[in-house]
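Trainee: Below you will find the structure I want to go over with you.
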Amino acid sequence: MNQEKDQEQNRVLNQNQEINRDPKEKQEALRISAELLDFLQASPTAFQAVDQVRKRLTEAGFHELYESLDWNLQPGGLYFVLRNESSILAFRMPEDPSRLHGFQIAASHSDSPAFKIKANPEMTEAGAYTMLNVEKYGGMLMRPWFDRPLSIAGRLLVREGDNGIRTVLVNVDRDLCLIPSLAIHMDREANKGHDLNPQKELLPILGDETAKGHLKEILADAAGVKPGDILGHDLFLYVRGRGSIWGADREYISAGHLDDLQCGFSNLTGFLKACRDGQRNYKDTVPVLAIFDNEEVGSGTKQGADSTFLSDILWRIAGAAGLEGGAFRRALANSFMLSCDNAHAVHPNYMDKADPVNRPLMNHGIVMKYNANQKYTTDGVSAAVFRDLCQREELPLQEFTNRSDMAGGSTLGNISNAHISLNTVDIGLPQLSMHSSYETAGVYDTLDLIRLTHAFFQSRFSDLGGGKFRMEN
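Structure, rendered in structure tokens:
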């Protein structure tokens with residue numbers, strides 16, 4: 128019976144259409160994957176990830192705006208705004224703002240599950256070790272954190288002058304600490320699994336007993352500030368080491384933070400390419416790149432998708448275009464969002480964990496995600512619009528649903544729609560080991576999402592009324 132079940136699972140798995148790739152496309156996929164690895168290496172936390180986005184936008188001619196100041200938005204102008212240094216929105220004004228038709232929005236998130244450093248973290252154990260007191264951030268796989276070189280990154284808030292405070296990003300760029308596992312001799316049942324206690328078993332060693340009190344000095348030295356000027360911090364552990372491209376034909380990429388910086392990087396790259404191309408097709412739409420923090424903990428922060436960040440910025444764009452309430456809402460009706468967050472690829476060792484039919488594979492196309500309880504926003508309308516766009520761009524498309532007896536997570540689209548309601552599709556790139564410290568995805572999938580994002584930002588969505596819709600590009 129089990130053999131028949133396995134044969135049926137293999138039959139369903141292998142019915143996915145084989146994707147034939149041009150050799151030149153392989154070289155482009157490898158080039159893009161190497162660039163993605165550079166981006167990930169420079170992004171150990173959400174703060175560094177958003178700073179990388181900021182630098183690339185600035186190099187491309189975008190101007191930084193501040194929410195606390197007045198804006199003077201020019202036709203065709205390129206702009207971006209940060210909130211909390213960990214979320215970012217970038218946009219291009221239409222050449223004729225008075226005719227603003229709608230917004231084309233691609234959203235992803237900057238954060239990943241990790242261990243966050245608590246206040247007053249240094250502790251002495253056994254009279255011989257300085258340990259760091261940490262807590263879980265997000266729904267993480269904890270076992271991959273054992274026995275790996277770790278370090279600390281994030282941000283410091285430091286005193287500036289008599290009354291000022293400024294943010295300084297910090298990355299202690301060396302092997303700094305480690306979480307040791309317990310030897311098999313002391314836990315003969317270790318390979319049978321047991322619940323891990325993060326307060327007891329997941330605390331990293333910083334150094335011997337003489338290291339206590341040195342953490343602030345280490346951080347200050349890495350940030351180039353004085354220890355006494357540090358007033359606050361948001362700091363996380365991260366796993367050291369560069370990601371890799373591997374496989375018999377170099378078809379896979381593995382690294383930390385693929386969920387969701389693979390989508391964020393792809394959206395950014397497609398967005399910049401679309402902006403370089405100019406408003407080739409439509410001069411009355413606003414392309415918007417949105418990267419939110421705190422998705423892994425529910426998005427309920429001032430910088431998360433459940434905040435007013437997106438709505439605040441869209442209102443200010445509309446105001447600069449001279450749109451009042453009714454006209455702004457008409458523009459929202461003619462808007463579309465890609466909610467981009469990675470998806471689960473079917474696991475070859477756990478095929479029974481996947482839906483019987485909708486079983487995405489790495490390197491076989493972008494994934495469109497559905498959930499009957501609206502954890503994902505995809506519905507018949509947004510699915511049809513997105514499928515049509517993929518077909519016109521000749522990009523492979525897969526579909527994902529959870530098993531009916533397994534709960535799934537939510538993402539950005541349904542949360543942000545509570546503040547700005549518009550047609551939204553939930554998509555992602557298929558990956559293995561989601562929420563591990565070292566995740567795996569396909570090298571072609573980044574390239575596919577870049578091409579899709581570029582086409583999307585060059586498009587124009589319209590709600591024609593009477594249940595009729597159109598995406599032109």
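Residue numbers (our numbering): 128 to 600. Where a beta carbon is used, it is the ideal one built from N, C-alpha and C, also for glycine.
1. How about the segment 328-347 and the segment 242-253: do they share at least three Cβ pairs that are nearer than 8 angstroms?
2. Helix, strand or coil: how does DSSP classify Arg587 here?
3. Can you give me the Cβ contacts of Glu152 inside the same chain, cut-off strictly under 8 angstroms, excluding the 5 residues immediately before and after it?
4. What residues in its chain sit with their C-beta under 6 angstroms from that of Asp302, if we drop five residues either side in the sequence?
5. Could you name the residues that DSSP lists as bridge partners for Ile554?
6. For Val297, collect the residues of the same chain with a Cβ closer than 7 angstroms to its Cβ; drop the 5 residues on either side in sequence, then sort them by chain order.
7. Starting from the N-terminal side, write out each stretch of the beta strand (DSSP E) that is 3 residues or longer and does not extend beyond the segment 483-550.
8. Going by DSSP, what residues sit across from Ser278 in a beta bridge?
9. Starting from Arg183, trace the alpha helix (DSSP H) both ways and give me its first and last residue.
10. Just to confirm my understanding: we take Gly535, look at its own chain, exclude 5 residues before and 5 after, and list those with CB closer than 7 angstroms. What are they?
11. Roughly how many angstroms separate the alpha carbons of Asp223 and Glu521, rounded to a whole number?
12. With H, G and I counted as helix, E and B as strand and the rest as coil, what does DSSP make of Ser235?
13. For Ile372, write down the residues that DSSP places opposite it in a beta bridge.
14. Ends of the beta strand (DSSP E) at Glu155?
15. Three or more C-beta pairs closer than 8 angstroms, one from the segment 549-559 and one from the segment 433-441: is that the case here?
16. From Tyr565 to Leu591, what distance separates their C-alpha atoms?
17. Grab me the residues of Met267's own chain with a C-beta within less than 6 angstroms of its C-beta, minus the 5 sequence neighbours each way, in chain order.
18. Give me the DSSP bridge partner(s) of Ile311.
19. Assign Asn324 to one of three DSSP states: helix, strand, or coil.
20. Can Ile493 and Cys517 be called in contact, C-beta distance under 8 angstroms?
21. To the nearest angstrom, how far is the alpha carbon of Ser426 from that of Asp420?
22. Are the beta-carbon atoms of Glu344 and Pro354 separated by less than 8 angstroms?
23. For Asn421, name the three-state secondary structure that DSSP assigns.
24. For Phe588 versus Ala233, is the C-beta distance shorter than 8 angstroms?
25. Where do the N-terminal and C-terminal ends of the alpha helix (DSSP H) with Asp348 fall, by residue?
26. On the three-state DSSP scale, how would you describe Asp575?
27. Exposed or buried, Met489, counting other C-beta atoms within 10 Å across all chains shown (16 or more means buried)?
28. Taking DSSP as the reference, what is the three-state secondary structure of Phe398?
29. Give the straight-line distance between the Cα atoms of Ala263 and Ser170, rounded to the nearest whole angstrom.
30. Starting from the C-beta of Met495, find all residues in its chain whose C-beta is less than 8 angstroms away, skip the five residues before and the five after it, and write them out in chain order.
31. Taking contact to mean at least 3 C-beta pairs separated by less than 8 angstroms, is the segment 360-376 in contact with the segment 170-179?
32. Let me confirm a value: Trp373 is counted as buried when at least 16 other C-beta atoms fall within 10 Å, else exposed. Which label applies?
33. Which residues in the same chain as Ala254 place their Cβ atom closer than 8 angstroms to its Cβ, once the five residues preceding and following it in sequence are excluded?
34. Is Met269 helix, strand or coil by DSSP?
35. Label Met258 either buried or exposed according to how many other C-beta atoms from any shown protein chain fall within 10 Å of its C-beta, with 16 as the threshold for buried.
36. Cα separation between Val295 and Leu576?
Mentor: Put simply:
1. yes
2. As a first step, residue 587 is located in the sequence shown; it is residue number 460 there, counting from the start. If DSSP states are grouped into helix, strand and coil, Arg587 belongs with the strands.
3. Within the sequence shown, residue 152 is the residue found at index 25, counting from 1. The answer, listed in chain order, is Tyr571, Leu574.
4. Here residue 302 refers to the residue found at position 175 when the sequence shown is read from its first residue. Correct list, in chain order: Pro276, Arg367.
5. What you label residue 554 is simply residue 427 of the sequence shown in a count that begins at 1. Ile554 pairs with Cys467, Met495.
6. As a first step, residue 297 is located in the sequence shown; it is residue number 170 there, counting from the start. Excluding residues up to 5 positions away in sequence, Ala280, Gly281, Arg282, Leu283, Leu346, Ala349, Ala350 lie with their Cβ nearer than 7 angstroms to the Cβ of Val297 in the same chain.
7. Counting whole runs of 3 or more residues, the segment 483-550 contains the beta strand (DSSP E) stretches 493-496, 524-527.
8. The sequence position of residue 278 within the sequence shown is 151, counting from 1. DSSP lists Tyr365 as partners of Ser278.
9. Here residue 183 corresponds to residue number 56 of the sequence shown, with the count starting at 1. Taken as a continuous stretch (DSSP letters only), the alpha helix (DSSP H) holding Arg183 covers 173-186.
10. On the sequence shown, position 408 is the one that residue 535 refers to. Cβ within range, chain order: Asn498, Lys502, Asn529.
11. Position 96 of the sequence shown, counting from 1, holds the residue named residue 223. Position 394 of the sequence shown, counting from 1, holds the residue named residue 521. Going by the C-alpha atoms only, they are around 31 angstroms apart.
12. Taking the sequence shown and counting its residues from 1, the one referred to as residue 235 is at position 108. It is a strand residue.
13. If you number the sequence shown from 1, residue 372 lands on position 245. DSSP lists Ile380 as partners of Ile372.
14. Locating residue 155 in the sequence shown gives position 28, where the first residue counts as 1. No beta strand (DSSP E) holds Glu155; the alpha helix (DSSP H) holding it covers 150-168.
15. no
16. Residue 565 sits at position 438 when you count from the first residue of the sequence shown. Residue 591 sits at position 464 when you count from the first residue of the sequence shown. When rounded, the distance between both Cα atoms is 45 angstroms.
17. Taking the sequence shown and counting its residues from 1, the one referred to as residue 267 is at position 140. These residues qualify, in order along the chain: Pro240, His562.
18. By 1-based counting over the sequence shown, the position of residue 311 is 184. Answer by DSSP bridge pairing: none, since Ile311 is not bridged.
19. As a position in the sequence shown, residue 324 is number 197, starting the count at 1. Three-state DSSP puts Asn324 in coil, outside helix and strand.
20. The residue you call residue 493 lines up with position 366 of the sequence shown. The residue you call residue 517 lines up with position 390 of the sequence shown. Going by C-beta atoms, Ile493 is nearer than 8 angstroms to Cys517.
21. Sequence index remark: in the sequence shown, residue 426 carries index 299 (1-based). Sequence index remark: in the sequence shown, residue 420 carries index 293 (1-based). Their backbone Cα atoms lie some 7 angstroms apart in a straight line.
22. By one-based count along the sequence shown, residue 344 stands at place 217. By one-based count along the sequence shown, residue 354 stands at place 227. Yes; because the gap between Cβ atoms is below 8 angstroms, this pair is in contact.
23. For this step, residue 421 is matched to residue 294 along the sequence shown. The three-state secondary structure of Asn421, taken from DSSP, is coil.
24. Working through the sequence shown from its first residue, we reach residue 588 at position 461. Working through the sequence shown from its first residue, we reach residue 233 at position 106. No, these two residues do not count as a Cβ contact at 8 angstroms.
25. One-based indexing of the sequence shown puts residue 348 at position 221. That run of the alpha helix (DSSP H) goes 342-350.
26. The residue labelled residue 575 in the question sits at position 448 within the sequence shown. Of the three classes helix, strand and coil, the one that applies to Asp575 here is helix, per DSSP.
27. For the purposes of this step, residue 489 is identified with residue 362 of the sequence shown, where counting begins at 1. It counts as buried.
28. On the sequence shown, residue 398 is found 271 positions in, with the first residue counted as 1. In the structure shown, Phe398 sits in a helix (DSSP, three-state: H, G or I).
29. Within the sequence shown, the letter at position 136 stands for residue 263. Within the sequence shown, the letter at position 43 stands for residue 170. For clarity, residue 263 is Lys in the given sequence; the question names Ala instead. Distance between the alpha carbons of Lys263 and Ser170 is about 19 angstroms.
30. Here residue 495 refers to the residue found at position 368 of the sequence shown. The answer, listed in chain order, is Thr505, Ala510, Phe513, Arg514, Leu524, Gln525, Glu526, Phe527, Val552, Asp553, Ile554.
31. Short answer: they touch.
32. Here the question's residue 373 lines up with position 246 in the sequence shown. Exposed is the call here.
33. As a position in the sequence shown, residue 254 is number 127, starting the count at 1. In the sequence as presented, Ala is not what sits at residue 254; that position holds Gly. Around Gly254: Glu336.
34. Stepping through the sequence shown from its first residue, residue 269 is reached at position 142. Correct three-state label for Met269: coil.
35. The sequence position of residue 258 within the sequence shown is 131, counting from 1. By the neighbour-count rule (16 or more Cβ atoms within 10 Å), Met258 is buried.
36. Along the sequence shown, read from residue 1 onward, the residue named residue 295 stands at position 168. Along the sequence shown, read from residue 1 onward, the residue named residue 576 stands at position 449. Roughly 32 angstroms separates the two Cα atoms.
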